[in-house]
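Taken in order, the sequence shown gives residues 1 to 282; the numbers are from full-length UniProt numbering.
Where a beta carbon is used, it is the ideal one built from N, C-alpha and C, also for glycine.
Bear in mind the structure is a predicted one, so any value in this text is a computation, not a measurement.
Inspection log for the structure reproduced underneath, given as structure tokens.
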Amino acid sequence: MACILSQTTYSSLLDSLYKLPFRNRVQTLRKLFPQISVDTLKCIVAQECQRRMRGSHGKLTTSETIEAMYNKFANSILMSEEPGILLRLSDEVGLTPALLARSIIERHYQKDDKSKPTKLLVSTLMKNTALIDDRDLAFETYLCLLEDDEYGPIAEATKQSIGYEYEIRLRMELEKCKVSFLHEEHLRMKGYDKTPDVKLEIPVAIDGQVINWIESKALFGDEEAHRGYLKDQLYSYWNRFGPGLVIYWFGYVEDLEKIHQNRIILVRDALPTNMILMEQIL
């Protein structure tokens with residue numbers, strides 16, 4: 001299913017997204033936007049959640065706020081409330097479940113002098129909740145990690161796995177098309193620092209444009225994400241190797257290519273089937 005969205009549709013989707021609580025948003029959005037695939041919706045929700053948290057995390061995790069949340073959690077335990085206390089608190093304060101659980105763990109392990117526990121300790125406890133010395137907090141944290149698709153070790157491992165899966169998919173499709181290429185590991189062995197996922201040994205032509213490299217992105221490409229990748233990665237590939245292609249496997253907002261008209265970087269949501277090998281032209 002093609003996932004190239006107009007700016008109008010994308011803006012409408014974001015407006016609907018911002019009105020929903022953190023959990024179970026994809027199910028609601030599926031009903032509102034049935035033409036958009038579930039995978040694309042999940043990707044958009046995750047990206048927007050991360051942006052929202054970057055902007056509001058500091059305000060939601062002041063020492064006073066965390067103290068109030070910790071006391072509320074402790075009181076709920078004393079009142080023998082049913083499991084899911086931190087999940088309900090997450091919906092109430094507007095912090096994702098994993099980030100909330102992390103804040104509560106930091107407060108729980110806070111020393112008498114108010115100093116915070118080390119980041120290594122907190123990360124270790126988040127990765128293995130069985131190590132948390134409080135049974136109720138351990139179980140509540142475990143529930144938060146299961147429910148959070150955007151943050152936490154489970155979400156991060158899933159994200160990395162999907163990214164690698166699509167890199168392998170790109171390589172397999174190029175091999176099937178008999179396109180010769182070097183992948184990222186090959187390029188680093190040759191001494192390159194910033195490298196695309198694939199450098200074509202023999203360029204290909206796509207829609208009349210010569211392409212020398214391909215970058216795989218297992219996410220949705222909107223203007224903010226694309227501008228970030230242009231600055232941090234894509235322009236350096238263009239400077240070194242010339243024109244290239246970035247694939248946003250979960251779709252993108254149309255007209256992204258207009259952002260960089262003077263530097264040819266094609267944008268697609270799949271590997272094009274109309275590639276022409278330059279050796280065939282010669």
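{"Item": "Would you report the Cα separation of T273 and L125, rounded to the nearest angstrom?", "Value": "47 Å"}
{"Item": "Would you call the stretch 71-89 and the stretch 37-46 touching, i.e. three or more CB-CB distances under 8 Å?", "Value": "no"}
{"Item": "Would Y237 and T195 be called neighbours here (beta carbons separated by less than 9 Å)?", "Value": "yes"}
{"Item": "Thinking C-alpha only, which one of T118, R227, F241, I276 is nearest D255?", "Value": "R227"}
{"Item": "Assign R263 to one of three DSSP states: helix, strand, or coil.", "Value": "coil"}
{"Item": "Just to confirm before moving on: does the CB-CB distance between A98 and E150 stay below 9 Å?", "Value": "yes"}
{"Item": "Skipping 5 residues on each side, what residues in its chain have a beta carbon closer than 6 Å to that of residue 283?", "Value": "Residue 283 lies beyond the residue range present for the chain, which begins at 1 and ends at 282; the question has no answer from this structure."}
{"Item": "Could you give the distance in angstroms between the alpha-carbon of H186 and the alpha-carbon of K199?", "Value": "9 Å"}
{"Item": "Skipping 5 residues on each side, what residues in its chain have a beta carbon closer than 8 Å to that of T141?", "Value": "L86, A101, I104, I105, L125, M126, T129, I132"}
{"Item": "Less than 9 Å between the beta carbons of E67 and R107, yes or no?", "Value": "yes"}
{"Item": "Just confirm the distance between the C-beta atoms of P83 and F139, as a whole number of angstroms; I'd bet it's less than 8 Å.", "Value": "7 Å"}
{"Item": "On the CB-based measure, 16 or more other CB atoms within 10 Å of its CB, does V144 come out buried or exposed?", "Value": "What sits at residue 144 in the sequence shown is Cys, not Val. C144 should be labelled buried."}
{"Item": "Determine the contact status of I206 and L245, defining contact as a CB-CB distance below 9 Å.", "Value": "yes"}
{"Item": "From this set, K178, L17, K42, which residue's C-alpha is nearest P203's C-alpha?", "Value": "K178"}
{"Item": "Using the three-state DSSP reduction, which class does N239 fall into: helix, strand or coil?", "Value": "helix"}
{"Item": "Express the C-alpha separation of K159 and D197 in angstroms, rounding to a whole number.", "Value": "17 Å"}
{"Item": "Taking the CB atoms as reference points, tell me whether L174 and I211 lie closer together than 9 Å.", "Value": "no"}
{"Item": "So is S80 buried or exposed if we call it buried at 16+ other beta carbons inside 10 Å?", "Value": "exposed"}
{"Item": "Between which two residues does the alpha helix (DSSP H) containing E73 stretch?", "Value": "Position check: residue 73 holds Phe in this sequence, whereas Glu was assumed. Start and end: 63-78."}
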